[in-house]
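This report concerns only the one structure given below.
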Amino acid sequence: MTEYRPQHLDKKWQERWTTDREFEVETDPAKPKYYCLEMFAYPSGHAHVGHVRNYMIGDIMARTKRMRGYNVLHPFGWDAFGLPAENAAIQTGMHPEESTLSNIAHMKGQLQRLGISYAWEREIATCGPEYYKFNQWLFLKMYERGLAYRRRSTVNWCPKDNTVLANEQVIDGLCWRCGSSVEARDLEQWFFRITAYAEELLAALGTLQEWPDKVAVMQRNWIGRSEGARLTFPVSGTADAVEIFTTRIDTIFGATFVLLAPEHALVERFAAESPDPAALRAKVRQFRALDREARLTGAIEKEGFDTGRTAINPFTTKAVPIWVANFVLAEYGTGAIMAVPAHDQRDYEFARKYSLPIRVVIHPGGTVPSVETMTEAASAYGTLVDSGEYSGLESATGITRMIRDAEARDIGKGEVQYRLKDWGVSRQRYWGTPIPMIYCQRDGIVPVPYDQLPVELPKVAQFTGRGDSPLGSVPEFVNCTCPSCGGPARRETDTMDTFVDSSWYFLRFCDPTNTELPFATRDAAYWMPVDFYSGGIEHAILHLLYSRFFTRVLRDVGLIAMDEPFKRLLTQGMVLKDGAVMSKSKGNVVDPDSMLSKYGADALRLYVMFVAPPEKEIEWSDSGLEGSFRFLLRVWRLVDHWTDVVRAVDSTVPVGEWTDAEKALRRRTHETIKRVTADIEERMHLNTAVSSLMELVNELYAFSDATPRGGPSRVDTATGVVGRAQTGFVLREAIHALVMLISPFAPHMAEELWEMLGHAGGLRSEPWPSYDAVVAAPEEVVVPVQINGKVRARLTVPAGLSEKELEARALADSTVQGHLAGKTVRKVVMAKGPLVSVVAS
RNA sequence: GCGAAAGUGGCGGAACUGGCAGACGCGCCGGACUUAGGAUCCGGUGGGGCAACCCGUGCGGGUUCGACUCCCGCCUUUCGCACCA
194 MTEYRPQHLD
204 KKWQERWTTD
214 REFEVETDPA
224 KPKYYCLEMF
234 AYPSGHAHVG
244 HVRNYMIGDI
254 MARTKRMRGY
264 NVLHPFGWDA
274 FGLPAENAAI
284 QTGMHPEEST
294 LSNIAHMKGQ
304 LQRLGISYAW
314 EREIATCGPE
324 YYKFNQWLFL
334 KMYERGLAYR
344 RRSTVNWCPK
354 DNTVLANEQV
364 IDGLCWRCGS
374 SVEARDLEQW
384 FFRITAYAEE
394 LLAALGTLQE
404 WPDKVAVMQR
414 NWIGRSEGAR
424 LTFPVSGTAD
434 AVEIFTTRID
444 TIFGATFVLL
454 APEHALVERF
464 AAESPDPAAL
474 RAKVRQFRAL
484 DREARLTGAI
494 EKEGFDTGRT
504 AINPFTTKAV
514 PIWVANFVLA
524 EYGTGAIMAV
534 PAHDQRDYEF
544 ARKYSLPIRV
554 VIHPGGTVPS
564 VETMTEAASA
574 YGTLVDSGEY
584 SGLESATGIT
594 RMIRDAEARD
604 IGKGEVQYRL
614 KDWGVSRQRY
624 WGTPIPMIYC
634 QRDGIVPVPY
644 DQLPVELPKV
654 AQFTGRGDSP
664 LGSVPEFVNC
674 TCPSCGGPAR
684 RETDTMDTFV
694 DSSWYFLRFC
704 DPTNTELPFA
714 TRDAAYWMPV
724 DFYSGGIEHA
734 ILHLLYSRFF
744 TRVLRDVGLI
754 AMDEPFKRLL
764 TQGMVLKDGA
774 VMSKSKGNVV
784 DPDSMLSKYG
794 ADALRLYVMF
804 VAPPEKEIEW
814 SDSGLEGSFR
824 FLLRVWRLVD
834 HWTDVVRAVD
844 STVPVGEWTD
854 AEKALRRRTH
864 ETIKRVTADI
874 EERMHLNTAV
884 SSLMELVNEL
894 YAFSDATPRG
904 GPSRVDTATG
914 VVGRAQTGFV
924 LREAIHALVM
934 LISPFAPHMA
944 EELWEMLGHA
954 GGLRSEPWPS
964 YDAVVAAPEE
974 VVVPVQINGK
984 VRARLTVPAG
994 LSEKELEARA
1004 LADSTVQGHL
1014 AGKTVRKVVM
1024 AKGPLVSVVA
1034 S
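For the first sequence, our numbering assigns the number 194 to the initial residue and increments by one for each residue that follows.
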């Protein structure tokens, strides 16, 4: 009996895989490719079993596809720029580069000990100049195409930390770090014009057949397409006009006032021209100081004030008051709306509060709304009333005609608006990619020439957490010469959002050492798209949307010819401990290293795959891991027990009679091959793949016990002979299949067992086992017989029996007869399965 | 509030297109081996009943020969969206 020593095997095989460059691949158009990718990691320092699960799922797929004959690209890398390293530097003084590189080294060791089949020679870290050079290259391409531009915008500002916060760092309007209330602040920022691709990004969601619906829905909501109209309301007595956007032009005859966002350009104009500018400006300031998050989410009381001016409703030609309202968003549409209180709940509340006029212009059907009795807006579509020549039209028709007429009269046009906004990429931070732009007093904004890339991040910078860009305090970085005129100039001191890094890293993996281009077209054309991509649902919008955007930009730049980067997407569930997400502060982190030293990588891998389907959340369980370990021991003992027999026979099918047990084991073997293959490749139900393997092992134990030698637990007979050639053959077939099929889950053990079975050259010396439908076909089937919907009997009959014969046998069965006593058979249904359903009364 | 998904033994979960509910594992119970076992192997394990049998997939209806699966209504949970004009 050979002892199972998982830690020894882990080390042995991991070293051999590295030495043999087992998982390294080259572009080879002659071979079918498979690109398997898991979302790369932020190097926080420690992998926990939640990470482990994601990487395992990809590894199962990569290893299976490799054995199925594909040229498999399975790389890994590090999303290495980011705030945490810089924040740590502010507190501890350790330079972000130092802490990041040491974290990467530690986590890499952890992943390697799990035996994940990565092409480590392609490893990338986004904080290296050889990588971020191409962030800058891409930025310049975007700038040339008008897709990168600079403008003033409002950002989240934490007054205590004196720093800008990303949207996702603002939790319920508070700073995630210090809990201060976040303010709005205006800054000059660089933006990527993702809105230029809004329509395409939305439309192409329908082509993502192998994405979870949920993710597509979230992206659809995020893009938020609305069809409507832009209309001009001239300001009475001036040449000014208020532009509004509405999706309900059919209600325009009920538009009894106009609302402006506090930030709207006309507001300041009106204030300046008013008798008391200070009073109006104070009001505006008050609105703008309101909690930004609350304003965006509607958690504020609606308030407004009258500007004293009026505008002309272009359809009624009547003057309506212009108010400023705190709930109107400057960043959506035109920053101004026509208010239709009768048919919009928000406008209704506002009108009631300030006693503004309400006019019903739609009859939705049912009771007719009246201004006197209504308690909420009637927002449904219906029939237009009191709407001049449009009265009597249905909403849909009204909308079409009104837009047509507005265009004819040059007072408006049909327009599509998106909720999606351009992507602000400037960060007033150090640990990121420097934005490759130069400001010259003479020439203005000048891009850094391509041959001067990368603009390297200087090593020295102070981390005070003051909020201004740390690069600004490095004179040798800031001061430069203008590439255009050669005069003195200043560099941009902001760095890029780290989402830029992750928006194209999957392309870099195709050609990770290219120094001239982000990647060569030839390599990307071969490997892309990513065939299988897995990661957390928390990236459903940002990362996945940005990546889809970048892929299109690179297409338009001419580097690639595809639209969508990720063919099949799997969003894996989290690993919980005591019902909560693992985190250091909760003290419920399960450390993979301690599991590895106790059970080895294979047991851990098998457990996280077996406990639930990949998409589901799982609750960590030590006893579950223990069970998986026991199963591996069971496999080990079984294979070890039969090694000499398996080695002594070959793949020649012996001539002669088979016993029922032998036939049954062959059937089980082939059924298992079929199920495991489909479970991995098609359904991604890795838990049921493992249970099929367990069933095969259980059957092999039972089969072994019935042989002359006996089973693995009967140590005393372990050297006994088998005698029958057929028995040796089915054992060989079953054990070979078992070792092959289990190898994606437990690769270290499988390699060792494969070697013990007499094979040199590793598991790839033999292809994935193939399913034989003839062998798997049963000779007899058990057919349930239902009487009035309840199973009353089971018949064992030869497979392939005709329906007529089957029906006759079912009705003749004594148990069935008993249940039919005193009843008349009304109908007999022969269902696939097969199954017989008798209706009697 | 709107939208989506889910609800199955003591627990994690199976049941693929409407066809044998509870595969597989954990836990528990019993047995074998053993000085001993928390190792290993074998057996049992949804509830009720001595049994034939009855009940059972959140609740209430419906469609069907047949429903965990489809339809309608409700309850609960989770997730997403939420003043976007």
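Backbone N, C-alpha and C fix where the C-beta goes; we use that ideal spot for every residue, glycine too. Computed from a prediction, not measured in an experiment: that's the story for all the values here.
Do LEU452 and THR439 have their C-beta atoms within less than 8 angstroms of each other?
no
Can you tell which of ASN280, GLU582 and HIS556 has its C-alpha closest to the C-alpha of TYR574?
HIS556
Between PRO236 and the rest of its own chain, which residues show a CB-CB distance below 7 angstroms, the 5 nearest in sequence each way excluded?
TRP271, ALA273, THR293, ASN296, ILE297 and MET300
Could you spell out the range, first to last residue, of the beta strand (DSSP E) harbouring SER727?
723–729
Could you check the C-alpha separation between MET788 and LEU762 for me, to the nearest Å?
29 angstroms
Taking 8 angstroms as the limit between beta carbons, can you name the residues of its chain near PRO722, skipping five residues before and five after?
TYR228, MET755, GLU757, PRO758, PHE759 and LYS760
For ASN349, three-class secondary structure by DSSP:
strand
Inspect the beta-carbon positions of GLU808 and THR764 and report whether they are closer than 8 angstroms.
yes
Does the separation of the CB atoms of VAL883 and LEU799 fall below 8 angstroms?
yes
Look up SER438 in the DSSP assignment and say whether it is helix, strand or coil.
A small correction: the amino acid at residue 438 is Phe; Ser does not occupy that position in the sequence shown. In this structure, PHE438 counts as strand in the three-state DSSP scheme.
In this structure, how does DSSP classify GLU812 when only helix, strand and coil are distinguished?
strand
Compute the Euclidean distance between the alpha carbons of THR576 and VAL561, then round it to the nearest angstrom.
11 angstroms
Does DSSP put LYS1020 in a helix, a strand or coil?
strand
Alpha helix (DSSP H) segments (min. 4 residues) lying fully within the stretch 948–1034
966–969, 996–1005 and 1007–1013
Please confirm whether any heavy atom of the ligand ATP lies closer than 7 angstroms to the CB of GLU685.
Although the ligand ATP was asked about, the structure shown includes no ligands whatsoever.
PHE938 vs MET1023 beta-carbon contact at 8 angstroms
no
Please classify ARG876: is it buried, with 16 or more other beta-carbons within 10 angstroms of its beta-carbon, or exposed?
exposed
With DSSP as the reference, label LYS614 as helix, strand or coil.
coil
Taking 8 angstroms as the threshold (C-beta atoms), are ALA654 and PRO647 in contact?
no
Rounded distance between the beta-carbons of SER429 and ARG502, thought under 8 angstroms:
7 angstroms
Would you mind sorting TYR311 into buried or exposed? The rule is 16 or more other CB atoms within 10 Å of its CB.
buried
Got a sec? Which residues, its chain only, sit under 7 angstroms from GLU569 by beta carbon, not counting five neighbours each side?
GLN538 and TYR541
Could you give the distance in angstroms between the alpha-carbon of ASN781 and the alpha-carbon of ASP252?
26 angstroms
Check each candidate in ASP598, HIS1012, ASP724 and TYR342 and name the one with the smallest Cα separation from LYS983.
HIS1012
Run through DSSP, which three-state label would GLY916 get?
coil
Limits of the alpha helix (DSSP H) - the one that ILE638 falls within
No alpha helix (DSSP H) holds ILE638; the beta strand (DSSP E) holding it covers 637–640.
Round the Cβ separation of MET194 and ASP833 to the nearest angstrom and send it over; I've been treating them as touching at under 8 angstroms.
6 angstroms
Which same chain residues end up closer than 6 angstroms to ARG868 when comparing Cβ atoms and leaving out the 5 residues on each side of it in sequence?
SER885
CB contact flag (ALA454, LEU522, <8 angstroms)
yes
Around the Cβ of ALA589, are there at least 16 other Cβ atoms within 10 angstroms (buried) or fewer (exposed)?
exposed
What number of angstroms, rounded off, separates the C-alpha of MET933 from the C-alpha of ALA927?
10 angstroms
Enumerate in chain order the residues of its own chain whose CB-to-CB distance from LEU340 is below 7 angstroms, with the five nearest sequence positions on each side excluded.
PHE385, ARG386, ALA389 and VAL746
Per DSSP, what kind of secondary structure is LEU549 in: helix, strand or coil?
coil
Nearest to TRP313 (by Cα), restricted to the options GLU208, GLY417, ARG413 and GLN382
GLU208
What alpha helix (DSSP H) runs, 4 residues minimum, are completely inside the stretch 462–528?
470–481 and 485–490
Report back the beta-carbon spacing between TYR726 and ARG612 to the nearest angstrom; my notes put them in contact at under 8 angstroms.
Rounded, the Cβ-Cβ distance is 25 angstroms, inconsistent with contact.
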